[in-house]
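**Q**
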Amino acid sequence: MAATLKGRSFLKLLDFTPDEIRELLALAADLKAKKKAGVRERKLDGRNIALLFEKPSTRTRCAFTVACIDEGAHPEYLGKSDIQFGKKETVADTARVLGRMFDGIEFRGFAHQTVETLAEYAGVPVWNGLTDDWHPTQFLADVLTMREEFGDLAGQTLAYVGDGRNNVANSLMVGCAKLGMHCRIVSPDTLHPEHDLVAAVEEIAASTGGSLVVTSSVDEGVAGADAIYADVWASMGEEDLIADRIRTLGPYKITEKMMSSTGKSGTIFLHCLPAFHNLDTEVSKQNPGIQEVEDEVFEGPQSRVFDQAENRLHTIKAVMVGTLGN
Ligand code: CP
Ligand code: NVA
Numbered sequence: 423m424a425a426t427l428k429g430r431s432f433l434k435l436l437d438f439t440p441d442e443i444r445e446l447l448a449l450a451a452d453l454k455a456k457k458k459a460g461v462r463e464r465k466l467d468g469r470n471i472a473l474l475f476e477k478p479s480t481r482t483r484c485a486f487t488v489a490c491i492d493e494g495a496h497p498e499y500l501g502k503s504d505i506q507f508g509k510k511e512t513v514a515d516t517a518r519v520l521g522r523m524f525d526g527i528e529f530r531g532f533a534h535q536t537v538e539t540l541a542e543y544a545g546v547p548v549w550n551g552l553t554d555d556w557h558p559t560q561f562l563a564d565v566l567t568m569r570e571e572f573g574d575l576a577g578q579t580l581a582y583v584g585d586g587r588n589n590v591a592n593s594l595m596v597g598c599a600k601l602g603m604h605c606r607i608v609s610p611d612t613l614h615p616e617h618d619l620v621a622a623v624e625e626i627a628a629s630t631g632g633s634l635v636v637t638s639s640v641d642e643g644v645a646g647a648d649a650i651y652a653d654v655w656a657s658m659g660e661e662d663l664i665a666d667r668i669r670t671l672g673p674y675k676i677t678e679k680m681m682s683s684t685g686k687s688g689t690i691f692l693h694c695l696p697a698f699h700n701l702d703t704e705v706s707k708q709n710p711g712i713q714e715v716e717d718e719v720f721e722g723p724q725s726r727v728f729d730q731a732e733n734r735l736h737t738i739k740a741v742m743v744g745t746l747g748n
């Protein structure tokens, strides 16, 4: 493991070089193979890890928890209402307290600045488990899944279709550019990514052989795509925008027809999950038309969403082992 990763926080992909990201992916693949073979190396033996959650989570919380236990660490879940964080105590004070007791801190929440402040004051590695702006551990699982499917990531094309300015889209744009991949953000004009971020990503892509296309045209965006990627149309904290998003994003729903319009028979479907793909959840019953993907695609042969979900475990483990492991 490169010395450059040790002791570092993992807050956003912009902070990491292409080699460092590739190294985390290689470590994730190694840890995955070892887990499957029943080999346990206890690389986080005796460590105590705080898991702070302002927003709910299934995959991220479980991945951090199981990864800790697999590697011999103790995870401590601290939910929004469990601690003084941000209410009776500043983020900086909480960070300094937690840093005296824990060896590493995961944070999921709203403002990205919160995780930056935690990292500034904690004195131990802090890992971003999702903020309004970024979801960097998700990206590692996404591209590990693509690497398992297609091999070398450089030159592969990923088309993200939906809300082009959320945490997942932002992370895909930056991460793909760093790895020399071709990223397409396919969304209506009103949901295109921030101009400054697009400019920064284009500059990165120019140095790696990758590329970025932002388009409102589904046909243009998905042509030649190796993977079509979806996320929910309204992220956590945007619940009051659901009706508006159903109207705006309806034409961007992932359909079997869209999957076949890539012109490639091997195109896979990815989704960070949770996903609306049928009428079987409370929220989808209350909001007809909220489905960002047809059930036939989600459940179909091109879908890799549960491989991707499993890869959250191996990649999050790699982030903790790479930055903190023995
Ligand atoms: N993909 C993802 O972050 O899932 P959770 O919200 O369940 O953690
Ligand atoms: N963009 C989604 C991702 C969930 C994993 C959200 O922030 O709710």
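First residue of the sequence shown? That's 423 in our numbering, and the numbers climb one at a time after it.
Each residue gets a CB set at the ideal place from its N, CA and C atoms; glycine is no exception.
Would you say Asp-729 touches the ligand NVA, meaning its beta carbon is less than 6 Å from a heavy atom?
**A** Along the sequence shown, one-based indexing puts residue 729 at 307. Incorrect: Asp-729 has no Cβ contact closer than 6 Å to the ligand NVA.
**Q** Is the beta carbon of Thr-677 sitting closer than 7 Å to the one on Glu-716?
**A** If you number the sequence shown from 1, residue 677 lands on position 255. If you number the sequence shown from 1, residue 716 lands on position 294. Closer than 7 Å, so yes.
**Q** Please determine whether the Cβ atom of Leu-701 lies at a distance below 6 Å from any heavy atom of the ligand CP.
**A** By one-based count along the sequence shown, residue 701 stands at place 279. Because no heavy atom of the ligand CP lies under 6 Å away, the Cβ of Leu-701 does not count as near it: no.
**Q** Could you check which residue in Val-519, Asp-555, Trp-556 and Thr-536 has the C-alpha nearest to that of Gly-545?
**A** On the sequence shown, residue 545 is found 123 positions in, with the first residue counted as 1. Per the Cα distances, Val-519.
**Q** Check whether the Cβ of Arg-444 lies closer than 6 Å to any heavy atom of the ligand CP, and answer yes or no.
**A** Residue numbering aside, residue 444 sits at position 22 when the sequence shown is read from its first letter. No, the ligand CP has no heavy atom inside 6 Å of this Cβ.
**Q** With DSSP run on the structure shown, which of helix, strand or coil describes Leu-580?
**A** Reading the sequence shown from its first residue, position 158 is the one you call residue 580. Of the three classes helix, strand and coil, the one that applies to Leu-580 here is strand, per DSSP.
**Q** Check whether the Cβ of Ser-725 sits closer than 6 Å to any heavy atom of the ligand ADP, and report yes or no.
**A** The ligand ADP is not part of this structure, which contains only the ligand CP and the ligand NVA.
**Q** Quick check: does the Cβ of Cys-694 come within less than 6 Å of any heavy atom belonging to the ligand CP?
**A** On the sequence shown, position 272 is the one that residue 694 refers to. Correct: Cys-694 has its Cβ closer than 6 Å to the ligand CP.
**Q** Per the contact definition of three or more C-beta pairs closer than 8 Å, is the stretch 443-452 in contact with the stretch 461-473?
**A** Output reads no: the stretch 443-452 does not touch the stretch 461-473.
**Q** In the DSSP output, what is Arg-518 paired with across the bridge?
**A** Position 96 of the sequence shown, counting from 1, holds the residue named residue 518. DSSP, once it has assigned bridges, lists no residue as partnering Arg-518.
**Q** Quick one: grab the DSSP three-state call for His-400.
**A** Since the displayed the chain opens at 423 and closes at 748, residue 400 lies outside it and no answer follows.
**Q** Is Ile-712 helix, strand or coil when you go by DSSP?
**A** Here residue 712 refers to the residue found at position 290 of the sequence shown. DSSP places Ile-712 in coil when its eight states are reduced to three.
**Q** Between Asp-648 and Met-568, how many whole angstroms is the CB-CB distance? I'm expecting something under 8 Å.
**A** Stepping through the sequence shown from its first residue, residue 648 is reached at position 226. Stepping through the sequence shown from its first residue, residue 568 is reached at position 146. About 7 Å; that satisfies the 8 Å criterion.
**Q** For Thr-637, name the three-state secondary structure that DSSP assigns.
**A** Taking the first residue of the sequence shown as 1, we reach residue 637 at position 215. Thr-637: strand per DSSP, three-state reduction.
**Q** Below 8 Å on the Cβ atoms is my contact criterion, and I expect His-557 with Ser-593 to pass it. Report the Cβ-Cβ distance as a whole number of Å.
**A** Taking the sequence shown and counting its residues from 1, the one referred to as residue 557 is at position 135. Taking the sequence shown and counting its residues from 1, the one referred to as residue 593 is at position 171. So it is a contact: roughly 5 Å between Cβ atoms.
**Q** Hey, Glu-718 and Phe-698 are a contact pair by Cβ (cut 8 Å); roughly how many whole angstroms apart?
**A** Taking the sequence shown and counting its residues from 1, one reaches residue 718 at position 296. Taking the sequence shown and counting its residues from 1, one reaches residue 698 at position 276. That belief does not hold up - the Cβ atoms of Glu-718 and Phe-698 are roughly 14 Å apart, past 8 Å.
**Q** With distances taken between CB atoms, is the gap from Ile-664 to Phe-691 smaller than 7 Å?
**A** Numbered from 1 along the sequence shown, position 242 holds the residue referred to as residue 664. Numbered from 1 along the sequence shown, position 269 holds the residue referred to as residue 691. In this structure, Phe-691 does not lie closer than 7 Å to Ile-664 by Cβ.
**Q** From this set, His-617, Phe-561, Pro-440 and Asp-554, which residue's C-alpha is nearest Ala-800's C-alpha?
**A** The structure shown does not extend to residue 800, since the chain is modelled only from 423 to 748, so the question has no answer here.
**Q** For the pair the stretch 526-539 and the stretch 472-480, tell me if three or more CB-CB distances fall below 8 Å.
**A** Contact between the stretch 526-539 and the stretch 472-480 is present, because at least three Cβ pairs lie under 8 Å.
**Q** Give a yes or no on contact between the stretch 730-748 and the stretch 700-713, applying the rule of three or more CB pairs nearer than 8 Å.
**A** Segments in contact, no.
**Q** Considering only the alpha carbon of each residue, which of Lys-600, Ser-682, Gly-508 and Val-654 lies closest to Asp-585?
**A** Residue 585 sits at position 163 when you count from the first residue of the sequence shown. Among Lys-600, Ser-682, Gly-508 and Val-654, the Cα nearest to that of Asp-585 is on Val-654.
**Q** Could you check the C-alpha separation between Asn-748 and Ala-645 for me, to the nearest Å?
**A** For the purposes of this step, residue 748 is identified with residue 326 of the sequence shown, where counting begins at 1. For the purposes of this step, residue 645 is identified with residue 223 of the sequence shown, where counting begins at 1. Between Asn-748 and Ala-645, the C-alpha separation is close to 45 Å.
**Q** Give me the DSSP bridge partner(s) of Ala-649.
**A** In the sequence shown, the residue the question calls residue 649 occupies position 227. Its beta-bridge partners are Leu-580 and Ile-690.
**Q** Consult DSSP for Phe-572 and reduce its assignment to one of helix, strand or coil.
**A** Against the sequence shown, residue 572 aligns to sequence position 150. Looking at Phe-572 - three-state DSSP - the assignment turns out to be helix.
**Q** Which one of Ala-455, Ala-627, Lys-434 and Lys-456 has the shortest CA to CA distance from Lys-600?
**A** Working through the sequence shown from its first residue, we reach residue 600 at position 178. Minimum Cα distance to Lys-600 is reached at Ala-627.
**Q** Would the beta-carbon of Asn-589 be found less than 6 Å away from any heavy atom of the ligand NVA?
**A** Sequence index remark: in the sequence shown, residue 589 carries index 167 (1-based). Indeed, a heavy atom of the ligand NVA lies less than 6 Å from the Cβ.
**Q** Determine the direct distance from the alpha carbon of Ser-682 to that of Thr-480, and round the result to whole angstroms.
**A** Here the question's residue 480 lines up with position 58 in the sequence shown. Here the question's residue 682 lines up with position 260 in the sequence shown. C-alpha separation (whole angstroms): 31 Å.
**Q** So is His-604 buried or exposed if we call it buried at 16+ other beta carbons inside 10 Å?
**A** As a first step, residue 604 must be located in the sequence shown, where it is residue number 182. That one is buried.
**Q** Quick check: what's the CA-CA separation for Gly-460 versus Pro-615?
**A** Start at 1 with the first residue of the sequence shown, and residue 460 comes out as number 38. Start at 1 with the first residue of the sequence shown, and residue 615 comes out as number 193. Going from the Cα of Gly-460 to the Cα of Pro-615 covers about 43 Å.
**Q** Report the residue from Gln-578, His-534, Thr-536 and Pro-478 whose alpha carbon sits nearest the alpha carbon of Lys-502.
**A** Here residue 502 refers to the residue found at position 80 when the sequence shown is read from its first residue. The option with the nearest alpha carbon to Lys-502 is Pro-478.
**Q** Can you determine whether any heavy atom of the ligand CP sits closer than 6 Å to the C-beta of Thr-553, and answer yes or no?
**A** Taking the sequence shown and counting its residues from 1, the one referred to as residue 553 is at position 131. No, the beta carbon of Thr-553 sits no closer than 6 Å to any heavy atom of the ligand CP.
**Q** Can you find a heavy atom of the ligand CP that lies under 6 Å from the Cβ of Ser-657?
**A** Position 235 of the sequence shown, counting from 1, holds the residue named residue 657. Incorrect: Ser-657 has no Cβ contact closer than 6 Å to the ligand CP.
**Q** If contacts are defined as beta-carbon pairs under 8 Å, then Pro-547 and Arg-734 qualify, I think. What distance do you get, rounded to the angstrom?
**A** For the purposes of this step, residue 547 is taken as residue 125 along the sequence shown, with counting starting at 1. For the purposes of this step, residue 734 is taken as residue 312 along the sequence shown, with counting starting at 1. Their Cβ separation, rounded to whole angstroms, is 18 Å, which puts Pro-547 and Arg-734 out of contact at 8 Å.
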